[in-house]
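Okay, structure first, notes after.
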């Protein structure tokens, strides 16, 4: 079983090693619930000359034998956006494959954890990565806040991965339709929503992990794709900036070095005062 | 000018996008002093059907116009092992290209900062990355120590990148030979030397950033290559383990989660007691 990283952009970001693995495979699955590429899966099929089976969370978690069984006496490719080892989900898939007696080969590729360096911030200066979930009326987890605080006190940058909701059951419609399974349209958190929530959390926790008026932040969208968008400024300066289509992510900066600022300059939003606080 | 990430393994780890960029290029340079691939540059030339100019540190720093001039009215590819944004050197190359009026396109790939997840440690749980330099008799910098301490206190893992010395002048021979430039053979730090130095530094600093007898560590070599080697244990347990050919790197673990240990188990050296301390 090959776990093949597809990189971040489009069908041409696959490696030659990855393409060869797919072409040797009897079945090809695409994991589609932790991240998305910039292109449809039909574009992938055209390049790979293989048909692709979409695997959503339910499929991977409840019907896993459909993936592992054919890998016992044939080749199977399981495609993931980014790199095979960048999401917890994929570690789990590898472990379960081994339980099924299936040997696994990982084929690496670019991931968001690396591509975030495109903004000029040095990767070795990042602390723990946080995930920001969509807040609900009665569910506003703030477990990421102490991590940002600790990173910032140590001068480290914080990569914030933003929530994705794909194939969420629409319970209201399901009640009206007597239990027929219906799904909500997919939701991808924007940098703007992430900042709103971050400001809310700072107002509640009040430990000065960051300051919406002075802390330098970088909002990014579609990293590694031709139309990637990078904008830097304070949280309040970025709050109403348009970053376009998903996926978005952002960085809350720690201490910045001269070379980092030199590179970041090109992305700073017009009229920003962020550099005067660094 | 394309800055093309080659990934970590061999010639087949290039992406299709990267290969197309090379084939559109009039000149192709390979940066060879911050990292190495598992194959010779002749293997790359055979696959790319292009001849490659090797660019060492001196060439990139002092004769940069030979790279940037042809990019003014043609295509140039500058190849780097791993990903274009993972090393400070490459940021500098991009900035200088812009000073020359050359537009730059980055083509991402897998990097060590991502592939380190192959051992099962979750990438979001890593703090700042450190670089461990070869100690000399009169030069034993320990600036990395407080970073490990801070990471560990915050429960975070620390990726340690190990020193590479390529094309270092051999001053003794040069004195004997009246100044003729001679170079020492390349040196790549092993996990074993890194551990020796780490133990030395802990004995000097004594702030319990880590404990050679109990702290879980992971030594890794040739990540992303078919013969990659991963071994986990305490520093003392790994001190005399053989990791084989370069490049090596290692991780000093912070707090480990159940899923991480579940995956790491397969790499723990025989007779290790490391898990009893976690």
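Chains as they are written, first to last, in this note's numbering: chain A, 1 to 278; chain B, 279 to 556.
Think of the CB as a built atom: it goes at the ideal place given N, C-alpha and C, for glycine as much as any other residue.
Other residues of its chain near residue i: CB distance less than 7 Å, five sequence neighbours each side excluded
{"i": "residue 90 of chain A", "result": "3, 80, 84"}
{"i": "residue 487 of chain B", "result": "423, 426, 427, 430, 480"}
{"i": "residue 102 of chain A", "result": "1, 68, 71, 72"}
Where residue i meets chain B, residues with beta-carbon distance less than 7 Å
{"i": "residue 127 of chain A", "result": "405, 406, 434"}
{"i": "residue 88 of chain A", "result": "400, 537"}
Chain-ordered neighbours of residue i on chain A, where CB pairs are closer than 8 Å
{"i": "residue 541 of chain B", "result": "91, 94, 95"}
{"i": "residue 493 of chain B", "result": "None at all; the shortest Cβ gap to chain A is about 18 Å."}
{"i": "residue 556 of chain B", "result": "Ordered by position in chain A, no residue passes the 8 Å Cβ test against residue 556 of chain B, which lies about 17 Å from the chain."}
{"i": "residue 285 of chain B", "result": "15, 108, 109"}
Residue i, enclosing beta strand (DSSP E) - first and last residue
{"i": "residue 248 of chain A", "result": "248 to 252"}
{"i": "residue 78 of chain A", "result": "76 to 80"}
{"i": "residue 296 of chain B", "result": "Premise fails: residue 296 of chain B lies in the alpha helix (DSSP H), 294 to 301, not in any beta strand (DSSP E)."}
{"i": "residue 305 of chain B", "result": "305 to 309"}
Contact with chain B by residue i, beta-carbon distance below 7 Å
{"i": "residue 115 of chain A", "result": "yes"}
{"i": "residue 12 of chain A", "result": "yes"}
{"i": "residue 57 of chain A", "result": "no"}
{"i": "residue 24 of chain A", "result": "no"}
{"i": "residue 160 of chain A", "result": "no"}
{"i": "residue 35 of chain A", "result": "no"}
{"i": "residue 118 of chain A", "result": "yes"}
{"i": "residue 145 of chain A", "result": "no"}
Extent of the continuous alpha helix (DSSP H) run through residue i
{"i": "residue 236 of chain A", "result": "235 to 238"}
{"i": "residue 175 of chain A", "result": "171 to 176"}
{"i": "residue 91 of chain A", "result": "88 to 99"}
{"i": "residue 541 of chain B", "result": "536 to 542"}
{"i": "residue 202 of chain A", "result": "191 to 205"}
8 Å CB neighbourhood of residue i in its chain, flanking five on each side removed
{"i": "residue 70 of chain A", "result": "26, 27, 76"}
{"i": "residue 43 of chain A", "result": "10, 11"}
{"i": "residue 433 of chain B", "result": "403, 532, 533"}
{"i": "residue 96 of chain A", "result": "64, 68"}
Interface flag, residue i vs chain A, CB-CB below 7 Å
{"i": "residue 509 of chain B", "result": "no"}
{"i": "residue 361 of chain B", "result": "yes"}
{"i": "residue 428 of chain B", "result": "yes"}
Alpha carbon of residue i to alpha carbon of residue j, nearest angstrom
{"i": "residue 462 of chain B", "j": "residue 521 of chain B", "result": "23 Å"}
{"i": "residue 548 of chain B", "j": "residue 88 of chain A", "result": "27 Å"}
{"i": "residue 60 of chain A", "j": "residue 509 of chain B", "result": "30 Å"}
{"i": "residue 194 of chain A", "j": "residue 308 of chain B", "result": "40 Å"}
{"i": "residue 82 of chain A", "j": "residue 458 of chain B", "result": "48 Å"}
{"i": "residue 67 of chain A", "j": "residue 53 of chain A", "result": "10 Å"}
{"i": "residue 511 of chain B", "j": "residue 394 of chain B", "result": "16 Å"}
{"i": "residue 302 of chain B", "j": "residue 65 of chain A", "result": "44 Å"}
{"i": "residue 493 of chain B", "j": "residue 535 of chain B", "result": "15 Å"}
{"i": "residue 484 of chain B", "j": "residue 421 of chain B", "result": "14 Å"}
{"i": "residue 56 of chain A", "j": "residue 341 of chain B", "result": "51 Å"}
{"i": "residue 189 of chain A", "j": "residue 163 of chain A", "result": "5 Å"}
{"i": "residue 529 of chain B", "j": "residue 419 of chain B", "result": "19 Å"}
{"i": "residue 106 of chain A", "j": "residue 197 of chain A", "result": "36 Å"}
{"i": "residue 7 of chain A", "j": "residue 21 of chain A", "result": "15 Å"}
Own chain partners of residue i with C-beta closer than 6 Å, once the 5 adjacent residues on each side are dropped
{"i": "residue 221 of chain A", "result": "229, 243, 244, 248"}
{"i": "residue 550 of chain B", "result": "511, 515"}
{"i": "residue 409 of chain B", "result": "439"}
{"i": "residue 34 of chain A", "result": "87, 89"}
Residues that residue i contacts on chain A, provided the C-beta gap is smaller than 7 Å
{"i": "residue 502 of chain B", "result": "108"}
{"i": "residue 322 of chain B", "result": "What residue 322 of chain B touches in chain A: nothing, since even the nearest Cβ is about 12 Å away."}
Under 8 Å from the C-beta of residue i: neighbouring residues of chain B
{"i": "residue 19 of chain A", "result": "294"}
Residue i: CB within 6 Å of a non-hydrogen atom of the ligand FMN
{"i": "residue 75 of chain A", "result": "Absence of the ligand FMN from the depicted structure is noted, as is the absence of any ligand whatsoever, leaving it without description."}
With 7 Å as the C-beta to C-beta threshold (strictly closer), list the residues of the region 523 to 550 of chain B near chain C in chain order. Going by chain labels, chain C is absent from the structure shown, which instead holds the protein chains A and B.
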